[in-house]
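What follows is a single structure, written as structure tokens, with notes after it.
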Amino acid sequence: MSDTHTAGDKAPRKTASNGTTKSAAKSGRSRSREFALQGLYQFLVGNNEAADIDMFTRDLSGFHKSDSVHYDALLYGCIEQREILDALIEPLLDRKLDEISPIEHAVMWMGAYEFQHCIDVPWRVVLNEYIELAKSFGGTDGHKYVNGVLNGLAPKLRALEVESDRAKGKLREG
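Everything in the sequence shown is counted per the working numbering, starting at 165 for the first residue and increasing by one.
Following this line, the structure appears as structure tokens:
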């Protein structure tokens with residue numbers, strides 16, 4: 165067998181450190197969410213200052229491919245509004261907030277923040293993006309927990325959009 169590729173071969177997909185395959189065609193916004201998640205994790209676990217986290221993150225490999233404006237909004241917005249975001253999230257939890265993993269906590273902050281402030285992103289896209297982040301970086305079933313909380317927030321924070329989907333039959337009641 166030859167190690168060369170013919171012109172008809174597809175480009176190989178890169179394997180992530182956890183063994184899963186990730187597409188090279190990831191959007192700038194998706195990348196910005198990953199970098200913001202890493203930064204918020206540093207904030208929650210290490211109590212690092214936002215400016216220090218930002219400076220460190222911008223030097224990471226691949227940051228130049230992210231949407232830096234969206235990253236800034238998520239990192240600084242979630243840190244500045246953490247009490248408001250926690251107040252939105254807490255009523256939907258089945259345990260104390262300090263018992264939630266920092267990854268899931270940060271993912272829920274980001275989802276709630278996008279629901280409130282990134283109206284140009286459809287609510288179903290927000291939900292899917294954060295479920296995928298929780299699958300990639302969170303605990304075994306963390307994505308299910310994130311899904312439940314963000315699905316609970318969507319009708320409160322994006323009521324018209326969720327109702328429109330229900331009316332069109334894209335979403336079942338309940």
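C-beta: ideal position from N, C-alpha, C; glycine also.
Could you have a look at residue i and say whether DSSP puts it in helix, strand or coil?
i: S230; result: coil
i: V285; result: coil
i: S194; result: helix
i: N315; result: helix
i: G203; result: helix
i: Q245; result: coil
i: R322; result: coil
i: G302; result: coil
i: K308; result: helix
i: E327; result: helix
i: N211; result: coil
Give a single yes or no on whether residue i has its beta carbon closer than 6 angstroms to a heavy atom of the ligand FAD.
i: V233; result: The ligand FAD is not among the ligands present in this structure, which contains no ligands whatsoever.
So, using beta-carbon positions, are residue i and residue j closer together than 7 angstroms?
i: A251; j: Y205; result: no
i: Y235; j: F199; result: yes
i: I248; j: F207; result: no
Could you check the C-alpha separation between residue i and residue j for me, to the nearest Å?
i: G302; j: V310; result: 10 angstroms
i: S232; j: K308; result: 28 angstroms
i: F220; j: V289; result: 28 angstroms
i: S328; j: N315; result: 15 angstroms
i: E278; j: G333; result: 24 angstroms
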